[in-house]
Amino acid sequence: MLFYYFYQITFIQTKTKKTSMKKRLLMMIGILFITIFQVIAQERVISGKVVSSEEGSALPGVSVTVKGTTRGVTTDANGFYKISVPNNAKLAFSFVGFNAQDVTVGAKTELNIVLKSAATDLDEVVIVGYGTQAKSKATYSVSTIKSDAIKDIPVTGLDQAMQGRAAGVMVTSSSGSPGGGVNVRLRGGSSITASNEPLYVVDGIPISTGSFSQLGFGNQTTNALNDIAPSDIESIDILKDAAASAIYGSRAANGVVLITTKKGKAGKTQITFNYSTGNSQKYNTTLKSISGSEETKLLQEMVINRYGVLDAKGGLTTPAFGTGTAAWRTPGDAAAFFFSNDPNSSTEQDPATSKLFFVNSDAEKARNIRTVAVFGDPTKANSTNWQDQIFRTAPIKQYDISARGGNEKTTFFASASIFDQSGIIVGSDYKRYTGRINVDNQVSTRIKIGATLGYTYGYSNRINNDNNIYGVLSAAILMASDIPTRFTNGAYGKDNSSSVENPVAAAFEPYNLSTFGRLLGGVNAEVDIIKGLKFKSAWNVDQVNFKDDRFLPNTLNAASGVNGSGIATSGGNLNLATSNYFSYNHSINNIHNINVTAGADYQQSSYDFVYASATGFPGNSIKKLAAGATKTDALSDGTSWGLVSYYGRFGYDFEGKYLIQGVFRADASSRFGKDNQWGYFPSISGAWRVNKERFMDDITLISDLKVRGSYGLTGNSEIPNFGSRGLLGSGSAYQLQAALTPSQLENKTLKWETTTTSEVGIDLGLFKNRITLSAGYYSKYTKDLLLNVNIPATSGFTTALQNFGEMENKGFEFVISTENVKTKDFSWTSNFNISANENKVRKIFGNPFAAGFGSWVAQDESLGSFRGYKVDKIFQTQEEIDAANALPKTNGGTVYQSTATRPGDIKFVDLNGDGKIDANDQTILGSAQPKFFGSFTNDFTFKGFDLKIFMQFVSGNKILNYTRNFSEGMNSVFGQTDAVLNRWTPTNTNTTVPRAVWGDPNSNRRVSDLYVEDGSYLRFKNVIFGYTLPKMLSNKIKVDRIRFYAQAQNLLTFTNYKGMDPEVSTFNSQNTAIGGTSNTTANAAQGTDFLTFPQARTYTFGVNIGF
Amino acid sequence: MNKYKILLFSAFVLALTSCEQVLVQDPQSQVSTDVKDAATARAVMNGTYNGFQSADYLGTRYQLLPDLQGGNLRWTGTFGDFSEISNRSILTNNASVTNMWIRIYNTILRTNIVIKSIPLVQDGSFSDAEKNQIVAEARVMRALSYFNLVRWWGGVPVVTEPTASLDGLTVGRNTVAEVYKQIYTDLDAAFPNLLASNKGRVTKGSALALKCRAALYQKDYATVIAVASQIQALNQFALVTPFQSIFATQNTKESIWELNFETTNSNSLAFFLFSSSLGGRNEVRPSPTLTAAYSLTDTRRILTTSYDVQLKYYRINGTDFPIVFRYAEVLLNKAEALAETGKDADAVALVNQIRTRAGLTAAASTLAGQDLKDEIFLQRRLELALEGHYFFDLVRTGRAAKVLTNWNDNQALLPIPDREIKANPSIATQQNPGY
């Protein structure tokens, strides 16, 4: 494959040399002629400087020719030129990347020219798939985010940077982990099982995204998109509707994000340097844990409520924790016995009262937890504030340096950056080094070649969190506060009645290093074949490497039994792609304009990995597996997919007034079943530019008005690589002999999901575009939804992958941008966007199903719905319980809820009225999908000062705060938060918090509306205040431009949510290299908070310097 | 210029044509489902044993759940589904119950594949004797799986064909009698072709031990006595001392079938039972009542507090070998059958074998009637604790109502998992009573 490419390049270059030889000859002849002319004609000399409209920098290499002659010069290194011209001559200034300009010389002898960069042209250009298009001629909505919008903000990746910047783009950081996963939804999710993440295309390369780590960290994932430094990005163009994205066919159903990296620019080399530094910290104080003595009191209360009967003298009769009877002297004796873990402790009988009392062993007394003395007097309990020990103020630093320059033939952009962030929880950090070089060369008048090359290397120390008893934050909340950080003998404090790790040990002891590298680059060539007809060929590579090293020393619960445990993994994904297309533009008298694009793409992605683990280490100083005595696992495996695509686009417009465009793509994927190898994805769109009509000429108020509509099909091919085949899986064994086991049922018809999108929209510009408005309504309908259809497990399989379901998304998007004030010294611009998306699952196979902790997928409900019980009230008396139990008894049942229900337990609502609470009494409690979301940005400049205030909001979504299911569970030894201080007791009856009872026999903790909270929030996401030194001053220190700024991220958050952060999603999508149907939980259980690393508030200070 | 264009174009076309091969991709660690040769057949057979090794089956939950249901274990961990099981207020979506159902039927699929496809394999190196032996082993494993299903759920759907397509997957429940009939059919058909001895695999002894156990559950005491005597007559098995050595050493004379695990293929038994400071997750612990049931001199005594350091499952690296059938159980089965049929003296003699091995004094030879039955029951509890028996013994001997708090008869059976009721319309209305 590559051979042909090199062949082409070599061939082109050979030809070029010949051409330029010819050219040189011609030029020499030309110079001769010029010399002769100078002698014979009336001549005068004119001189001047050519500068760029951007930054006013000098432009060297601009071609200056006398119109109608062959006479010409180029500007020198400082942009100066000198040319002799005849009278009344016209000079033509032209330069690559800038709009050409013709100027009549007149009587002047000096002529300074400002060339306008093509990119800053009024008629903005947007990047679409396989080419660019004038925004005014686009028949669909494209949201563009420019580099300016995302600069100076302390984020790891471009997906985070996209948050709130464009209508219809919902970005949720799944946690505050440095370098962690981010969920991006363009106009809602269209799939239940496959990925709902958009396709990311960097400089024409569809790249791999998601998490490549092979180790679990609760639900914490990594994010391969972070491999692209935001500072290298020129623009992000987001294709949302089918008319634009259909050209990416079977991968475009979730939209396409086109990322363009910065390219060279002819002119004086500009060097920019950015540096910022700052700190992050936890921004709120919710989830406050109770003290050790409160915890001790609570534990005793739980045991008594479950097992004990108090006698008149304060003694306790317990049915010996389940069976028999035992009379205890005090509740403290019983509780201490219950929690005793030491065989040397004993029970003895009080000769006077015949009651039992409990004698702690010396070892237990030394630990001072849950002894008779402590239960007898809870003020003697230890009290540890775990959260204080694991949260910290964490530094963040960022350095970027870039150089950009070139001449009219060759331009380049080169950059290097370092991003270094520590997490606000001890033990987590992320460090990334990137380098990039992009070069373009005009080989000849017809041939242009270019290369882009980015390399990223970095590493991240990671910690467990979320649904994980070895997590740091999870342990800090779930470990009871009566456990000391360390026992008096120096060992980590452990709760022998709990499986939760000591949070400080969890933070400091494990070694979890992820190392990543990525090479993203390609070469391309563009040939002008005849006027208007171009051929472009690009050959790209995207190579991701990911390595995990884990070592758990024997000081940790997870490894104490095996004398240390280690895992090493290494994985890599190689993604090769080539794209080859012709494009043709033709205009007949500027009336009939057509453009045609047609081409073919090929892509192959292969993923390989190795994984090894060992236990039995000689102490904790050697972390590598070499030292492990027992190698517990070793495997290598790989998977791959390939895609062949043919595509075309045809556009026609009449006088730029009536526009129509058709797009077609055919995709064949190795993932599809035998009977469905090819998928076809057409789209059509049209627009009417009303302001181009005669009758609009007099309406000067309206500067732009366009009405547009589109319709098209796109697909989602994120199905497993071999999901259609009947397979036996390997990897298992019995008695060290290899085993094969059935892993998958065959389905030859398996194919992509198809989404039909229709959209209507209007773009309006008022007062010479000082106010621009864009509004659109869309409707997306997805069918052949890939579902892991539940089949009877009696078949030996639980699910079979089938194209079955249907889903609908519809909504509107509205964007308004205004230039409120524009004077010489002061300007104020605002940008507001708001989107609403309504998502409904329209068809699934068979019955609704559960996902995550309390999420529910059901027909005609939105994806991300929560389902559970409804709380009626708290039972206050036994009479109330007896009354509730009366009805089921008449129906032949036994009890309303449970035989163990007692006063203080929750009474759930009997929704179906059958007198008993069972699974059928659950209902939808809300959805994680917001009713609307958006952002509001205000930019102010006053002289050298600039201020940007960026706010974002999400409204109407629900969060399942599953953390509270544990932290307010009052059923076991888990650490509890201060909400439980208001628990029901016979003397505190006016409350919504149930009683404390060991084991929760009434299931007060079942998923109910108690844990489903409003997740709406308004957040001052970024506030940036900057000051640029006057040129006079900065020039003195030999720099062109110097700006200082201060930035605050997550400065203020307004929300009613009780958890640590409303921007949360404990479940994440899988990576795209493997293709996967394991995304069901991420898609369906969005908006679940379970001990998740919260977002931080970050302050940074920075400086931008331009040379 | 023309020549250049032609060359460019042909290079382009060539490059692209060669790219069509990107569509040819194959799995690298999976094979298609056809069993065509001896090596694949043997690997599929190993896969059948592997089915039992899951933590949802004989790899952990098979042993722990009946003792959690019966109160030999108490729940001290974080799994809500274990809490429900220990409270015996089990919801139909209980994860452990659901996964166990799924895993047992998955193991049955593996046995069905073996039974159906191995006789068809044409491979010169694959003798008919070996084929028959492999099929026989699969039949015993299928019988064991149906036995586990029927004692936990009652009459369940009986599936004896491997699943190859999405058609005909919905099957209704069979009766308890039909399930037992299938169990006996498999055991009797398998018996002649089984290996005589190999403690890591299913042998003649395993088939008999299962038949003995199944007959006991059926209260078919004559069969229990006859089959137990048949096992005794094999002269392969004996009680070993000390008691602990059964679990400390592999392949003792007492064990009939033990499931092997290695560090690379481990179980979670010790991990679930051990406290966190010893590397476990402290999910369940022996209850104080179990400890209290042992006399102080009983070598089988399981302590609530010091459980971590000894006894049945104590290898935190997951290499404990759960014993599926052992000789002591056969003797207790026979003793119970004898006592139930009035042959008290013979029963006492058997119980005393168990007692003396445990370091207890022999029971009086005059022990008889209900006292004898209670003694046999107690010895079963003490001998077989944490081996997957206690709850079933409580239920089948009618003791559950007396011993367990908050008992109602519906708790005798687990709920059919909610996902199954929903995925299989044929059993939609056939949920066990009370769920």
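The listed protein sequences derive, respectively, from chains A and B. Here the numbering used here is used: the first residue of the first sequence is 2, the next is one more, and so on. Here the numbering used here is used: the first residue of the second sequence is 1307, the next is one more, and so on. Where a beta carbon is used, it is the ideal one built from N, C-alpha and C, also for glycine. This one's a predicted model, so the numbers in the text were calculated from it and none came from an experiment.
What residue range is occupied by the uninterrupted alpha helix (DSSP H) comprising residue i?
| i | result |
| --- | --- |
| I47/A | No alpha helix (DSSP H) holds I47/A; the beta strand (DSSP E) holding it covers 45-53. |
| W1459/B | 1434-1459 |
| T964/A | 964-968 |
| D421/A | D421/A -> not in any alpha helix (DSSP H); beta strand (DSSP E) instead, spanning 411-423. |
| T1384/B | Note, T1384/B: premise wrong, no alpha helix (DSSP H); not H, not E. |
| A1520/B | 1510-1523 |
Using CA atoms only, rank isn't needed, just tell me which of the options is closest to residue i.
| i | options | result |
| --- | --- | --- |
| I1025/A | V127/A, P332/A, I151/A, G567/A | I151/A |
| S475/A | N466/A, D483/A, A481/A, S482/A | N466/A |
| Q1096/A | Q102/A, G180/A, V170/A, K109/A | G180/A |
| L644/A | S403/A, R666/A, S711/A | R666/A |
| G1016/A | A168/A, K1059/A, G219/A | K1059/A |
| F1578/B | L1374/B, L1638/B, G1675/B | L1374/B |
| N1378/B | N1623/B, Q1736/B, A1691/B, N1716/B | A1691/B |
| S214/A | K949/A, L454/A, N513/A | N513/A |
| G727/A | F798/A, A688/A, R695/A, G766/A | F798/A |
| V761/A | Y141/A, Q745/A, V115/A, S54/A | Y141/A |
Below 6 Å, is the gap between the Cβ of residue i and the nearest heavy atom of the ligand HEM?
| i | result |
| --- | --- |
| G865/A | Among the components modelled here there is no ligand, and therefore nothing to report on the ligand HEM. |
Mind listing the chain A neighbours of residue i? Cutoff is C-beta to C-beta under 8 Å, in chain order.
| i | result |
| --- | --- |
| L1720/B | Result: empty, since nearest Cβ-Cβ is about 14 Å, beyond 8 Å. |
| G1585/B | N558, A559, A560, S561, G562, V563 |
Which residues of chain B have a Cβ atom closer than 9 Å to the Cβ of residue i, listed in chain order?
| i | result |
| --- | --- |
| A599/A | Those do not exist, as A599/A stays about 13 Å from chain B at its closest Cβ, beyond 9 Å. |
| N722/A | Q1331, P1333 |
Distance, Cα to Cα, residue i vs residue j?
| i | j | result |
| --- | --- | --- |
| A120/A | F99/A | The predicted position of A120/A is uncertain, since its pLDDT is 49 and thus under 50; a value taken from the coordinates is nonetheless stated next. Near 8 Å, if we compare the C-alpha coordinates of F99/A and A120/A. |
| E1726/B | N525/A | 55 Å |
| T446/A | A247/A | 33 Å |
| Y1012/A | F813/A | 30 Å |
| K752/A | L1329/B | 14 Å |
| D549/A | V183/A | 20 Å |
| E1564/B | S733/A | 18 Å |
| M22/A | W829/A | Per-residue confidence for M22/A stands at a pLDDT of 48, beneath the threshold of 50, marking its modelled position as unreliable; no derived number is given. |
| Q221/A | P554/A | 21 Å |
| I1038/A | G407/A | 25 Å |
| T372/A | K366/A | 7 Å |
For a contact meaning CB atoms closer than 8 Å, what does residue i contact in chain B?
| i | result |
| --- | --- |
| S744/A | Q1336 |
| L553/A | Near L553/A there are no residues of chain B at all, since even the closest Cβ is about 10 Å away, more than 8 Å. |
Give the C-beta separation of residue i and residue j to the nearest angstrom, bearing in mind that I take them to be a contact with Cβ-Cβ under 8 Å.
| i | j | result |
| --- | --- | --- |
| A1718/B | A1706/B | 7 Å |
| A1554/B | Y1619/B | Contact doesn't hold; Cβ gap of about 11 Å is too wide. |
In the DSSP assignment, find the unbroken beta strand (DSSP E) run with residue i in it and report its ends.
| i | result |
| --- | --- |
| K1098/A | Residue identity differs from the one stated: residue 1098/A is Arg in this sequence, not Lys. Unbroken beta strand (DSSP E) run through R1098/A: 1097-1107. |
| S64/A | 64-67 |
| W1407/B | Run containing W1407/B: none in the beta strand (DSSP E); it sits in the alpha helix (DSSP H), 1401-1423. |
| R433/A | 430-443 |
| A1344/B | Premise fails: A1344/B lies in the alpha helix (DSSP H), 1344-1358, not in any beta strand (DSSP E). |
| N789/A | 772-791 |
| I925/A | 924-928 |
Can you pull the chain B neighbours of residue i, defined as C-beta to C-beta under 7 Å?
| i | result |
| --- | --- |
| Q736/A | G1506, N1566 |
| W642/A | Q1331 |
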